[in-house]
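Colleague: This is the structure I want to talk about, given as structure tokens.
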Amino acid sequence: MTLRRKLLIGFAAFIVILSALAWWATRGDTANVPFEKVTGTDPVLEEDYSAEKIPTVVIAEPVGWAQDESPKAAEGLAVTRFAEGLDHPRTMLALPNGDIVVAETGAPAGALPDGLVGKVMAHFMDKAGAGGPSPDKLILLRDSNNDGKADQRFTLREDDLASPSGLAYRDGKLLVANHNGVLAFPFEIGQTAITAKPEKLLDLPVAGMHWMRNLTISPDGNDLYVAIGSASNIGENGMEVEKGRASIMEYDFATKAKRPYAEGLRNPNGMAWNPATGELWTVVNERDMLGSDLVPDYLTNVPVGVQYGWPWVYWRNKVDRRVEAPMPQFLTEYTRRPEYALGPHVAALGLVFTGEGHLMGEKFGNGAFIAQHGSWNRKPLSGYDVVFVPFDKRGNPLEKPVPVLTGFLAGDGKTHGRPTWLAWDKAGALLVSDDTAGIIWRVTAPGAKPAPKPEALKSTPLPPQRNLRPPRPEEVLGQDYIRYD
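The numbering used here applies: residue 67 is where the sequence shown begins, and numbers increase by one.
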């Protein structure tokens, strides 16, 4: 046997062994707790966990949908294609005239770490359908004949975009959040192209592990809210790089002042206002590498000044022992418990509340719809669906998530697509973007009447107190975190 042949055989054996080791290392942790038990208002959180040195990796490879295929809608609902042939459509905005603005977007260049770790992450992102350069386009879709399909499509803007995600409209301006700042484009309703130069409203922390920067405007139109995810999993690159991240920022349009509105949220995504209570709510992607049962992503309301504990604490009083940065003094005393668990690693992204005119029927009459992009680090897979969280009349989430759209997973480690964002069309149908498939789905309850306007919850504000009240026992203090019917 020649030396060259020996070297080739040795190299091939090395590759086989290396591949086997990689397969073994990424088999990871299998969930022990039934998924449903880690959802709802009182989730079961595993206490005895082992931190993972190498993450569990289970990625569903996108294969798309055949022309006669679609997700499975819940009983009483129907799903159709509103638009297709899009290039990674991630976020959407419904304009006052019914036009839909879609951001074709992806992670910016440089968002991943350098070296081998970055190359491994890039490989897995490619496999999950999230690799490649960001398209960086805004598309306008129009259903001109009201048949539930977008029959007109326009490229609204290509310039000045850098991984755009957040979208909002106010007073003749289309607001767009790039990964590194918020721009305001002059825009009149009905336009099909934006030609004017934008004004920069805000600079934002660039890229990072979580690059999306989502937007919502207060009901009175005075303030802008920007969701900014962390640059890391648990602050492993130091807390200096996390300044201004893992938070929701508030920007005052009149004074141009900004302030942290909420902090300690690892990766807040969709934001929406509950029309019954006037509260801001968000969905948050929690930390990784604590196994397949931890930590549940969550849905929660966001009072001003609230702290949710990242990276040191999760679920109010669960300390993450892996975090090396010193914990701020008294953090556990004022960390707030999330309202509702969605389950571990579901990757909750889009969020909308039911409102006046929706066509989803009485079963889905009062609550929130959430698009769950799907896990990459849980065994078995979780997410890859759209769910509904019912609310009571006092604005509290109830029970367990109700499936709305399922059937994205195709089996054998494949997925047809990944639900990403939500919006209401002008008729009251629910639109669901499917970024890896390039489709926007439309969901309604056939024959449903437009829903009435939600009844606003009336409350009386407490008078201001000039004096601090005396300290209270812990068992009484804990009642501050209980919401009653």
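All residues carry an ideal CB built from backbone N, CA and C; glycine is no exception.
Using a Cβ-Cβ cut-off of 6 Å (strictly less than) and excluding sequence neighbours within five positions of residue 323, which residues of its own chain qualify?
Modeller: none
Colleague: Grab me the residues of residue 90's own chain with a C-beta within less than 6 Å of its C-beta, minus the 5 sequence neighbours each way, in chain order.
Modeller: Note that residue 90 has pLDDT 44, beneath the 50 cutoff, so the model's placement of it is unreliable and the number below is only indicative. So the list is empty, once near-sequence residues are dropped.
Colleague: Specify, as a first and last residue, the run of the alpha helix (DSSP H) that residue 400 falls within.
Modeller: 397-400
Colleague: Anyone know if the C-beta pair for residue 464 and residue 454 falls short of 8 Å?
Modeller: no
Colleague: Going by Cα to Cα distance, which pick from 102, 127, 382, 113 is closest to residue 442?
Modeller: The closest CA to that of residue 442, considering only 102, 127, 382, 113, is found on 127.
Colleague: Between the stretch 117-126 and the stretch 219-229, can you find at least three pairs of beta-carbon atoms closer than 8 Å?
Modeller: no
Colleague: Please classify residue 288 as buried or exposed, where buried requires at least 16 neighbouring CB atoms within 10 angstroms.
Modeller: exposed
Colleague: Please report the straight-line C-alpha distance between residue 251 and residue 202, rounded to a whole angstrom.
Modeller: 15 Å
Colleague: Buried or exposed: which applies to residue 293, given that a residue is buried once 16 or more other Cβ atoms fall within 10 Å of its Cβ?
Modeller: Looking at its Cβ environment, which holds 16 or more other Cβ atoms inside 10 Å, residue 293 is buried.
Colleague: In angstroms with no decimal places, state the Cα-to-Cα distance between residue 426 and residue 392.
Modeller: Each residue's Cα considered, the two are about 48 Å apart.
Colleague: At the level of alpha carbons, what is the spacing between residue 116 and residue 193?
Modeller: 27 Å
Colleague: Should residue 286 be labelled buried (16 or more other beta-carbon atoms within 10 Å of its own) or exposed?
Modeller: exposed
Colleague: Assign residue 370 to one of two classes, buried (16 or more other C-beta atoms within 10 Å of its C-beta) or exposed (fewer than that).
Modeller: exposed
Colleague: Would you tell me roughly how many angstroms separate the C-alpha atoms of residue 469 and residue 533, rounded to the nearest one?
Modeller: 48 Å
Colleague: Could you check if residue 212 is buried or exposed, using at least 16 other CB atoms within 10 Å of its CB as the buried criterion?
Modeller: Burial is judged here by how many other beta carbons sit within 10 angstroms of a residue's own beta carbon; residue 212 has fewer than 16 and is exposed.
Colleague: Which whole-angstrom value describes the C-beta separation of residue 310 and residue 295, a residue pair presumed to lie in contact below a C-beta threshold of 8 Å?
Modeller: The Cβ separation is near 11 Å, so there is no contact.
Colleague: Apply the 10 Å Cβ neighbour rule to residue 386 and answer buried if 16 or more other Cβ atoms are within range, or exposed otherwise.
Modeller: buried
Colleague: Here's a check: name, in chain order, each residue in its chain whose Cβ is nearer than 8 Å to the Cβ of residue 551, leaving out the five neighbours to either side.
Modeller: Low confidence applies here, because residue 551 scores a pLDDT of 45, under 50, leaving its location unreliable; read the following figure in that light. Excluding positions up to five away in sequence, the list reads 458, 460, 462.
Colleague: Where does residue 192 sit, in a helix, a strand or coil, going by DSSP?
Modeller: In the three-state DSSP reduction, residue 192 falls in the helix class (H, G or I).
Colleague: For a cutoff of 8 Å on Cβ pairs, would you count residue 138 as touching chain D?
Modeller: No chain D appears in this structure, which consists of one protein chain only.
Colleague: Suppose the cutoff is 6 Å on Cβ atoms and the five residues either side in sequence are ignored; what does the same chain contact list for residue 145 look like?
Modeller: 136, 137, 139, 507, 509
Colleague: Going by beta carbon distance, what residues of the same chain come within less than 7 Å of residue 437, once the five residues before and after it are set aside?
Modeller: 415, 416, 452, 485, 486, 487, 488, 498
Colleague: For the candidate residues 159, 307, 263, 259, whose alpha-carbon lies nearest to that of residue 169?
Modeller: 159
Colleague: To the nearest angstrom, how far is the alpha carbon of residue 148 from that of residue 164?
Modeller: Between the alpha carbons of residue 148 and residue 164 lies a gap of roughly 13 Å.
Colleague: Is residue 265 helix, strand or coil by DSSP?
Modeller: strand
Colleague: How would you call residue 175, buried or exposed, if buried means at least 16 neighbouring beta carbons within 10 angstroms?
Modeller: exposed
Colleague: By the 10 Å Cβ neighbour count, where 16 or more other Cβ atoms means buried, how is residue 313 classified, buried or exposed?
Modeller: buried
Colleague: Please tell me whether residue 352 and residue 327 are closer than 8 Å, where the distance is taken between their beta carbons.
Modeller: In this structure, residue 327 does not lie closer than 8 Å to residue 352 by Cβ.
Colleague: So, using beta-carbon positions, are residue 348 and residue 231 closer together than 8 Å?
Modeller: no
Colleague: So what does DSSP say about residue 103, is it helix, strand or coil?
Modeller: Looking at residue 103 - three-state DSSP - the assignment turns out to be helix.
Colleague: How big is the Cα-Cα spacing for residue 198 and residue 528?
Modeller: 53 Å
Colleague: If residue 346 and residue 291 are in contact, beta carbons under 8 Å, what's the gap, nearest whole angstrom?
Modeller: Cβ atoms of residue 346 and residue 291 come within 8 Å of each other, at about 7 Å.
Colleague: Only counting the same chain, and skipping five residues up and downstream in sequence, which positions put a Cβ closer than 7 Å to that of residue 445?
Modeller: 94, 95, 96, 97, 122, 124, 358
Colleague: Looking at the secondary structure, which residues open and close the beta strand (DSSP E) in which residue 331 lies?
Modeller: Neither: residue 331 is in no beta strand (DSSP E) and is coded neither H nor E.
Colleague: Can you grab the Cα-Cα spacing for the pair residue 209 / residue 248, in whole Å?
Modeller: Residue 209 and residue 248 have their alpha carbons spaced roughly 28 Å apart.
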